[in-house]
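In structure tokens, the structure reads:
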């Protein structure tokens, strides 16, 4: 299993009135983690979009464990939790600077044609991605 790691500095604009990261910003960091994982495997999500294929989130499960605060650096770990050639489940863990678990999550995705949202099979459209995901998954 390949685990991608990315550090992100918490910006002031990402916090709420309580001084902690607003919950929706963790979703942005998940996207950063997914993008890094895809790059680690040798591919580009932006290139896929140029071909008219997008990968929407179809399900999301998040457990918030510890708050992150302005000025801290969050460590985002991302991996392929499940993959079947059609649907991808990405797993995430985010850690505080002290190494404490701040978040656990799983997001499920499919690839679709941007023009009509018709699903595609990754294994057929992108055989190289398919092989890399099969090798890297949990």
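Numbering (the working numbering), first residue to last: 303 to 440.
For each residue, glycine too, the CB sits at the ideal point set by N, CA and C.
Quiz item: If you pair each beta-carbon of the segment 430-437 with each one of the segment 394-408, do three or more pairs fall below 8 Å?
Solution: no
Quiz item: In terms of residues, what are the limits of the alpha helix (DSSP H) holding residue 394?
Solution: It is not in any alpha helix (DSSP H) - residue 394 instead sits in the beta strand (DSSP E) that spans 389-397.
Quiz prompt | Where residue 326 falls, given that 16 or more other Cβ within 10 Å makes a residue buried | solution = exposed
Practice problem: Indicate whether residue 306 and residue 344 have their beta-carbon atoms separated by less than 8 Å. | Solution: no
Exercise. Tell me whether the beta-carbon of residue 424 lies closer than 8 Å to the beta-carbon of residue 387.
Key: yes
Quiz item: So, residue 371 versus residue 403, is the Cβ gap smaller than 8 Å?
Solution: no
Quiz prompt | Straight-line Cα distance separating residue 354 from residue 419 | solution = 10 Å
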